[in-house]
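Working notes for the structure below.
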Amino acid sequence: MQTIYADKTVSVTELKRNFSAILNEAGNDPVAVLNHNKPEAYLLSAEHYARLLERLEDLEDARLVRERSGGPFVEVDIDEL
């Protein structure tokens with residue numbers, strides 16, 4: 031059985047019939063779109079999607095910091111910039 035990563039679910043057929051109503055009801059919460067009772071896709075609000083992208087960017091930045099924390103370092107004199 032596949033894990034569903036949303037509290038709300040809807041079938042593909044129901045989504046086709048009532049897209050606007052489902053989108054309004056979901057608000058900023060993700061909705062799992064099921065096809066034959068298996069997750070086929072996730073419907074996310076633009077706000078939720080933007081938060082996910084920001085989180086991914088933060089994780090990538092943290093990875094780069096860890097990667098580069100051992101150097102090499104360049105000595106810089108602020109007066110020479």
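What the sequence shown shows, in the working numbering, is residues 31 to 111, in sequence order. Glycine included, C-beta positions come from ideal geometry on N, C-alpha and C. These figures come from a predicted structure and were not determined experimentally.
1) Looking only at its own chain, which residues have a Cβ that is under 8 Å from the Cβ of Glu44, when we skip the five neighbours before and after it?
2) Pairs of beta-carbons, one from the region 33-47 and one from the region 57-69, closer than 8 Å: are there three or more?
3) Ends of the beta strand (DSSP E) at Glu44?
4) Sort Glu55, Ser99, Arg96 and Tyr72 by Cα distance to Thr33 and report the nearest one.
5) Could you please give the first and the last residue of the uninterrupted alpha helix (DSSP H) stretch that includes Ala76?
In short:
1) Closer than 8 Å at the Cβ level, and outside the excluded window around Glu44, lie Ile52.
2) Result yes; three or more Cβ-Cβ pairs closer than 8 Å.
3) Where Glu44 is concerned, there is no enclosing beta strand (DSSP E), although the alpha helix (DSSP H) it sits in stretches over Val42 to Arg47.
4) For the set Glu55, Ser99, Arg96 and Tyr72, the Cα lying nearest the Cα of Thr33 is the one of Tyr72.
5) Per DSSP, Ala76 belongs to the alpha helix (DSSP H) from Ala76 to Arg98.
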